[in-house]
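Novice: Residue 260 in UniProt numbering is what sits at position 260 of the sequence shown, and the numbering runs on without skipping anything.
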Amino acid sequence: MVSTQVSRDVIDLAKPFGPVFWGIIFNLIFFGMSICQALSYFRSATKDRALVKFTALAMIIFDTASSILVISVTWTDLVVDFGGMAQFLGTNNQIGAECVMSGIIAFLAQMYFVSQIYHVKTPGTLGNVILGSIMTLSFIGFVFGMACASVMLLNQLTPHYNVHFELVFGGAKGANAICDIIATVAMCYYLTEAKTGIASTSNLLDALARIFMNRGAAVMLLQIFTFIMFFAFENPQYWLAPHLLLTKMYVNTFFAILNSREFLREKHLGTHVASSSFTNSSSNGSTQVEKHSRNLDTSFTSRPIAFAPNPLTATITQEVTVKGDYESEHEMV
1 MVSTQVSRDV
11 IDLAKPFGPV
21 FWGIIFNLIF
31 FGMSICQALS
41 YFRSATKDRA
51 LVKFTALAMI
61 IFDTASSILV
71 ISVTWTDLVV
81 DFGGMAQFLG
91 TNNQIGAECV
101 MSGIIAFLAQ
111 MYFVSQIYHV
121 KTPGTLGNVI
131 LGSIMTLSFI
141 GFVFGMACAS
151 VMLLNQLTPH
161 YNVHFELVFG
171 GAKGANAICD
181 IIATVAMCYY
191 LTEAKTGIAS
201 TSNLLDALAR
211 IFMNRGAAVM
221 LLQIFTFIMF
231 FAFENPQYWL
241 APHLLLTKMY
251 VNTFFAILNS
261 REFLREKHLG
271 THVASSSFTN
281 SSSNGSTQVE
291 KHSRNLDTSF
301 TSRPIAFAPN
311 PLTATITQEV
321 TVKGDYESEH
331 EMV
């Protein structure tokens, strides 16, 4: 009996497709979390400004487009080009298009961060310089991100392709990482400085500072990790795994901040805030107290007591100013 041994070439997809595979797995897991958080937000976002709602809608639309492009990578590499290895020799065009989505999402998240810092920063030159530096770095990261996507969509046999790619990729990740660092430190500093000595308010500010710190640390570390993996390992492309997760990190932390506001207010300040108006009547010498309950908004400030022309009538005037994400409302008590 003669035994024959058939030899065949085995295609090893671990190195060329492994980083993309794990990136796709975590990308889809976090995409499901993004959908759940977005649904939770839009079901309760009744008082948010139109700009905040539009930003949230844009974030989830671009996030969905990003996941569709990531799934198309699997379809192209493993189904359309099944049995070949040429598709793994360079960066997939869908990855380049996904970089466009990633750059837009990062820019929107950072601009929302800028708006939050604007509402809590102290007046002065230093605050304006910090805010301007964050906006500048965010814009630089966005421009380099779009340039990175453009380079990835070019023919990779173009002269100096790798040099151009490394330049724009490093510029995008570096600028975004520095932007996230400065924004996180500034937000935590301003929230700490805003403490008034009231226990409930201080606890609320501490909770907000922790949320922004965790958000900034998560995004910043992932940006730096992607940067290191890109320049440390040229082949295989390990940087694709954290890069495909970075977009979801921005979206999830964005909606996590939005969805945590109501819980934090109820936990630390209660559901309602009461204000009173006192009117002295000269006819009967009695004092009437009218109590009004209002839903607690993001923040409120009170104007000094204003006295009416009649010296026997004094009215406490309170102005409730809603800042940040909510529609502006002014109520005179």
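Note that the Cβ used here is the ideal one computed from N, Cα and C, for glycine as well.
Between Ser67 and the rest of its own chain, which residues show a CB-CB distance below 7 Å, the 5 nearest in sequence each way excluded?
Specialist: Asn27, Leu28, Phe31
Novice: Return the residue from the list Thr184, Arg265, Ile35, Tyr41 that minimises the CA-CA distance to Gln116.
Specialist: Thr184
Novice: Please confirm if Gly23 has its CB atom under 8 Å from at least one CB of chain C.
Specialist: Among the chains in the structure shown there is no chain C, since it carries only a single protein chain.
Novice: Taking Asn259 and Tyr41 to be in contact with their CB atoms under 8 Å, please state how far apart those CB atoms are, rounded to whole angstroms.
Specialist: 6 Å
Novice: Do Gly141 and Ala175 have their CB atoms nearer than 8 Å?
Specialist: yes
Novice: To which residues of the same chain is Ala149 closer than 6 Å at the C-beta, ignoring the five residues directly before and after it?
Specialist: Correct list, in chain order: Gly96, Cys99, Val100.
Novice: Under 8 Å, do Lys173 and Gln110 count as touching if we go by C-beta distance?
Specialist: no
Novice: Determine the contact status of Ile24 and Val52, defining contact as a CB-CB distance below 8 Å.
Specialist: no
Novice: Decide if Asn162 is buried, meaning its Cβ has at least 16 other Cβ atoms within 10 Å, or exposed.
Specialist: Here Asn162 is exposed: its Cβ has fewer than 16 other Cβ atoms, across all protein chains shown, within 10 Å.
Novice: Am I right that Ala256 and Gln37 are in contact with their C-beta atoms under 8 Å? What's the rounded C-beta distance?
Specialist: 7 Å
Novice: Alpha carbon to alpha carbon, how far is Thr74 from Ile181? Give it in angstroms, no decimals.
Specialist: Approximately 34 Å between the Cα atoms of the pair.
Novice: Would you mind giving the Cβ-Cβ distance between Val251 and Asp63, rounded to the nearest angstrom? I have them listed as a contact below 8 Å.
Specialist: 5 Å
Novice: Taking Cβ positions, are Tyr190 and Val129 nearer each other than 8 Å?
Specialist: no
Novice: Of all the options Phe212, Leu78, Ile178, Ile228, which has the alpha carbon lying nearest to the alpha carbon of Ser138?
Specialist: Minimum Cα-Cα distance from Ser138 among the listed residues Phe212, Leu78, Ile178, Ile228 corresponds to Ile178.
Novice: Contact check, Met152 vs Phe144 under 8 Å by CB: the rounded distance?
Specialist: Not confirmed; about 12 Å, so no contact.
Novice: Should Ala241 and Pro19 be called a contact, given that it needs their Cβ atoms to be closer than 8 Å?
Specialist: Cβ distance < 8 Å, so Ala241 and Pro19 count as in contact.
Novice: Taking all protein chains shown into account, do 16 or more other C-beta atoms lie within 10 angstroms of the C-beta of Phe113, making it buried, or fewer, making it exposed?
Specialist: buried
Novice: Among Ile105, Phe263, Arg43, Thr46, which one has its Cα closest to the Cα of His243?
Specialist: Ile105
Novice: What does a CB cutoff of less than 7 Å around Thr46 pick up in its chain, not counting 5 residues either side in sequence?
Specialist: none
Novice: Should residue 353 and Leu264 be called a contact, given that it needs their Cβ atoms to be closer than 8 Å?
Specialist: The structure shown does not extend to residue 353, since the chain is modelled only from 1 to 333, so the question has no answer here.
Novice: Looking at the strands, I want to know which residues DSSP matches up with Asp63.
Specialist: DSSP output for Asp63 lists no bridge partner at all.
Novice: With the cut-off set at 8 Å, would you say Met229 and Trp239 are in Cβ contact?
Specialist: yes
Novice: Can you give me the start and stop residues for the alpha helix (DSSP H) that Phe231 sits inside?
Specialist: 199-232
Novice: What are the boundary residues of the alpha helix (DSSP H) that Thr122 is part of?
Specialist: Premise fails: Thr122 is in no alpha helix (DSSP H) and is neither H nor E.
Novice: Measure how close the beta-carbons of Phe227 and Gly171 come, nearest whole angstrom, since I'm counting them as under 8 Å.
Specialist: Between Phe227 and Gly171 a beta carbon distance of about 10 Å is seen, past the 8 Å cut, so the two are scored as non-contacting.
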